[in-house]
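Visitor:
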Amino acid sequence: MRKVLVAGATGYLGGFAAKEFKRRGHFVRALARAPRKLDYLKDQLDEIVEGEITLPESIKNVCDGIDVVFSSVGLTKQKGNLSFRDVDYQGNLNLLEVARKAGVRKFIYISVFNGPNLPHLAIVRAHEDFVDELKASGMNYAVIRPTGFFSDMGQFFDMAGKGRVYLFGPGNNRINPIHGADLAVCCVDALEGEKQEIDVGGPEVMTYREIARLALEVQGKRVRITSVPVWLMRLIIAATRIFNKHQGELLAFLTTAMTSEGVAQVTGIRTLKEHYSTLKENR
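For the sequence shown, position 133 (counting from the first letter as 1) is numbered 144 according to the numbering used here, and the numbering increases by one without interruption.
#1: Evaluate K121 with the Cβ neighbour count: other Cβ atoms within 10 Å of its Cβ, from every protein chain shown; 16 or more gives buried, anything less gives exposed.
#2: State buried or exposed for V98, treating a residue as buried only when at least 16 other CB atoms are found within 10 Å of its CB.
#3: Within 10 angstroms of the Cβ of D143, are there 16 or more other Cβ atoms? Answer buried if so, exposed if not.
#4: Can you give, in chain order, each stretch of the alpha helix (DSSP H) that sits fully within the region 93–171 and has at least 4 residues?
#5: Considering just the uninterrupted stretch of the alpha helix (DSSP H) at D193, what are its terminal residues?
#6: Within its chain, find whatever has a CB closer than 6 Å to the CB of R252; leave out the 5 residues flanking it on each side and keep chain order.
#7: Would you check if there are 3 or more beta carbon pairs closer than 8 Å linking the region 33–46 to the region 227–240?
#8: Considering just the uninterrupted stretch of the alpha helix (DSSP H) at K173, what are its terminal residues?
#9: Which residues does DSSP list as the beta-bridge partners of V239?
#10: Smallest Cα separation from T270: which of N183, E205, A201, H190?
#11: Compute the beta-carbon to beta-carbon distance between V135 and G212, rounded to the nearest angstrom, for a pair I have assumed lies under 8 Å.
#12: In this structure, how does DSSP classify A43 when only helix, strand and coil are distinguished?
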């Protein structure tokens, strides 16, 4: 049994990871900015500690007695004046320093698929700059780069619910997104594994257009898919960055994702159709 700190437990992947670490017999301490968000999970955790990785003083003791740190912390929705750099890079760097001082043996980190080749995107650069710090720290590590979460594919489902799905570009590029529970298995495998950089995707390889069609068909909608030209998206991104830099960077990331190949090692058992069907049932 190892003692594991899960940072980002209130997020999509973090919750699945915490449950998988516990299922395999490890002691799990969850770090959360808002512990109440872990009420649904508290019976499956050994400890819950409150802290914010962007505030070093609040996490100075979170790694005491811990063997392994797992972090899926990353900024998506805008939170005050925090930037990707503040959270994805500096926040995780704060946690790494605490882990190092506490004698943690291994740090497992979730970055972005194809991250080293996308330094022009602020969200990716923040992740990969932290990866560089992690590699230079001397600590044993594993960097996991998933192609995309099923939760990300929820955006297509939401658009489909309104009757039309918009794609950035023609939608012919492929991706094999992965369910959080399947990805959590890979994350916990990395605890004992020797590989230090792991690209991973789900069991199905699909084009973005096929994903859009699936989201519409599962909800019984007519197939209405609109492709927004890449040149127009570039104009929209430039304009958005002027008024909302964070949102502009997210649009840039999404546009790049939809116009690039996103296929990695196939793993897992959960399909996107099953996920969409569950979303439909829960509405």
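Ideal placement from N, C-alpha and C gives every residue a C-beta, glycine not left out. Remember, predicted model here, so these are calculated numbers, not experimental data.
Guide: Walking through what the data contain:
#1: It is Ile, not Lys, that sits at residue 121 in the sequence shown. Label assigned to I121: buried.
#2: buried
#3: exposed
#4: 103–113, 133–147
#5: Run containing D193: 191–203, per the alpha helix (DSSP H) assignment.
#6: G259
#7: no
#8: Per DSSP, K173 lies in no alpha helix (DSSP H) and is assigned neither H nor E.
#9: Its beta-bridge partners are F179.
#10: Looking at N183, E205, A201, H190, the one whose alpha-carbon comes closest to that of T270 is N183.
#11: Not a contact, Cβ separation roughly 17 Å.
#12: strand
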